[in-house]
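Read the structure below first, then the notes.
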Amino acid sequence: MQLGRAKDFYDLYVIASIPDSYDARLLKEALRNTTEARGTSPVMDDAAATLRQIEQSNNLRKTWRSFQESNHYAAGITFEDCCRVLGDFVEELL
Numbered sequence: 003m004q005l006g007r008a009k010d011f012y013d014l015y016v017i018a019s020i021p022d023s024y025d026a027r028l029l030k031e032a033l034r035n036t037t038e039a040r041g042t043s044p045v046m047d048d049a050a051a052t053l054r055q056i057e058q059s060n061n062l063r064k065t066w067r068s069f070q071e072s073n074h075y076a077a078g079i080t081f082e083d084c085c086r087v088l089g090d091f092v093e094e095l096l
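Just add 2 to wherever you are in the sequence shown, counting from 1, and you've got the numbering used here.
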């Protein structure tokens with residue numbers, strides 16, 4: 003994960019953490035359309051396994067810590083919390 007990807011994780015964490023900040027139906031439709039257009043629908047079919055791999059990655063943990071060091075607004079969010087919230091968010095959208 004590059005630091006830019008860590009920022010994407012952070013952005014999704016924030017969106018998923020704010021009640022009523024998104025229209026789940028519309029977001030689900032956009033996700034489906036995007037994955038179909040990119041040919042990545044099979045990846046979404048196995049999203050839970052992908053999220054587990056992300057959570058278990060030491061490299062991604064290091065990248066998250068680097069992101070936190072240069073972006074203090076993320077300092078209080080553990081990598082585990084971010085992954086948990088993202089997992090719940092993805093589960094809601096699938």
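Idealized CB from N, CA, C, for every residue including glycine.
Does residue i come out as helix, strand or coil in the three-state DSSP assignment?
| i | result |
| --- | --- |
| Tyr12 | helix |
| Ala77 | coil |
| Ser23 | coil |
| Thr42 | coil |
| Asp98 | No answer is possible for residue 98: the residues shown for the chain start at 3 and end at 96. |
What are the boundary residues of the alpha helix (DSSP H) that residue i is part of?
| i | result |
| --- | --- |
| Ser72 | 60–72 |
| Gly89 | 81–95 |
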